[in-house]
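Have a look at the structure below before the remarks.
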Amino acid sequence: LPADLSRVMFVTTANAVHNIPRPLLDRMEILPLSGYTELEKLQIAVRHLLPKQKRDHGLEEQQVQLDEETIRKVIRLYTREAGVRQLEQRLAALCRKAARRIVSEQVEQVSISADELESYLGIPRYRYGQSEKDDQIGMVTGLAWTEGGGDTLSSEVSV
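Put into structure tokens, the structure is as follows:
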């Protein structure tokens, strides 16, 4: 079935422009959009992601409690992205573990504090606002920029 596509406008999305083949990229108009700020991610989590994960895991609203400090710590230490996909995955993991705890320990409510996150999500994947405590030979702190934002990172020299 022939179709005239000359008047069609295609809208595409990509996380990184450098992955788009050059011939296709030459025919596109790029509209760069910045990622969400930490405050926007926090509000998205509180208003949308956490209630959705509670529903998806068969939990009542009051059965799992996370305060904003806890969600902020999840954002800072367990995700590194412009969007909220990893954040939703971490909140889903918290809901699964809370649901298991509710069933196995016969408790009515689970409150997860920022200090308890490591027992639920494991060792933090990222550091936030920390540099090395002591100077070390062969180590340097640099600045980095990614789609997820800016950060400091430690680089080690190996001879």
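24 is the number that UniProt numbering gives to position 24 of the sequence shown; each next residue is one higher, with no gaps.
Ideal Cβ placement from N, Cα and C applies to all residues, glycine included.
So is residue i in contact with chain C if we call contact Cβ pairs under 9 angstroms?
| i | result |
| --- | --- |
| D135 | Of the protein chains in this structure there is only one, and it is not chain C. |
Just verifying my parser: in three-state terms, what is the DSSP assignment at residue i?
| i | result |
| --- | --- |
| I102 | helix |
| D151 | strand |
| L5 | coil |
| E156 | strand |
| S113 | coil |
Please classify residue i as buried or exposed, where buried requires at least 16 neighbouring CB atoms within 10 angstroms.
| i | result |
| --- | --- |
| V11 | exposed |
| V84 | buried |
| V159 | exposed |
| I112 | buried |
| V8 | exposed |
| L66 | buried |
| V74 | buried |
Taking Cβ positions, are residue i and residue j nearer each other than 9 angstroms?
| i | j | result |
| --- | --- | --- |
| G138 | V107 | no |
| P90 | E38 | The residue asked about is misnamed: residue 90 is Arg in this sequence, not Pro. Contact flag unset, no. |
| V64 | K54 | yes |
| G35 | E88 | no |
| T70 | A99 | no |
| Y126 | R76 | yes |
| H48 | A92 | no |
| D135 | L143 | no |
| V110 | R96 | no |
| P124 | E116 | no |
| E68 | L42 | yes |
Whole alpha helix (DSSP H) elements within the stretch 8-81, 4-residue minimum: 22-25, 38-44, 50-56, 68-78
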